[in-house]
Amino acid sequence: MSLKSRIIQRLFPNDKIYTKRKSGEKCLYLTFDDGPTPKVTPRVLDLLSRHETKATFFFIGKRMARNPDIVRAAMGAGHVVGNHSYNHKGFKYMPTQDQLDEIIQTNELMSQFEINPEQILFRPPHGRWRVSLLWQLIKRRIPVVLWSVDSQDYSQKGSEELRQRLLDMPVRDGDIILFHDDNDQCLELLETLIPVWKQRGFNFQPLS
341 MSLKSRIIQR LFPNDKIYTK RKSGEKCLYL TFDDGPTPKV TPRVLDLLSR
391 HETKATFFFI GKRMARNPDI VRAAMGAGHV VGNHSYNHKG FKYMPTQDQL
441 DEIIQTNELM SQFEINPEQI LFRPPHGRWR VSLLWQLIKR RIPVVLWSVD
491 SQDYSQKGSE ELRQRLLDMP VRDGDIILFH DDNDQCLELL ETLIPVWKQR
541 GFNFQPLS
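Numbering of the sequence shown is given in this note's numbering, commencing with residue 341 and proceeding in unit increments.
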């Protein structure tokens with residue numbers, strides 16, 4: 341998480357922008373970005389089902405439009421679906437209004453899946469955003485969700501190196517853990533990590 345994100349989070353209440361969601365019940369929040377993808381997301385759903393684990397999926401709007409059955413499968417399994425923009429373009433250089441248009445377009449699409457617009461969470465592409473966008477989202481009561489633990493499953497590092505790094509990391513109640521359901525590496529990691537984290541006393545819930 342960037343220094344800007346840490347500073348802004350301290351300035352705003354936890355229901356506006358957050359990287360952790362402490363529950364007092366030793367809970368972890370698995371989150372997945374960049375889906376839905378036909379090759380990976382159904383396998384992630386199967387893995388979570390086998391481990392009786394709930395998660396939050398930040399889906400890209402155009403991929404939701406192409407894969408509506410996967411979106412419905414995720415929702416039907418009790419997972420939360422969030423907004424990850426419509427095209428997943430880099431927000432770093434995009435005008436604020438264009439960023440907002442991407443979010444609104446995806447929210448409108450999500451309404452077709454009967455997702456309550458008052459409960460939609462937003463995660464910016466690559467975790468990048470402007471304060472000007474944050475103000476617009478606050479006015480619309482759309483919370484921004486970042487993360488406190490990055491799995492780095494998108495990197496060129498091998499699964500064993502990433503797995504050991506996460507096993508050695510002292511995860512804590514309320515940690516929001518970033519994965520991506522557009523590559524196989526998340527599957528290899530979670531087959532080991534979910535049982536280990538459960539043995540350490542953690543439970544898993546979707547964000548709300």
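For each residue, glycine too, the CB sits at the ideal point set by N, CA and C.
These numbers come from a predicted model, not from an experiment.
A direct Cα-to-Cα measurement between residue 526 and residue 473 gives close to 30 angstroms. Per the Cβ contact rule, the segment 461-479 is in contact with the segment 439-448 (3 or more Cβ pairs under 8 angstroms).
Going by DSSP, residue 515 is part of no alpha helix (DSSP H) at all; its letter is neither H nor E. Under the DSSP assignment, residue 416 falls in the alpha helix (DSSP H) whose first and last residues are 408-416. Excluding the 5 residues flanking it on each side, residue 509 has same chain C-beta neighbours closer than 8 angstroms at 489, in chain order. Between the C-alpha atoms of residue 372 and residue 541 there is a straight-line separation of about 22 angstroms. Counting of Cβ neighbours within 10 angstroms places residue 503 among the buried residues, the total reaching 16 or more.
A check of alpha carbon separations from residue 435 across 468, 461 and 522 identifies 468 as the nearest. Take the alpha-carbon of residue 512 and the one of residue 413: they are about 29 angstroms apart. At the C-beta level, residue 376 and residue 420 stay beyond 8 angstroms of one another.
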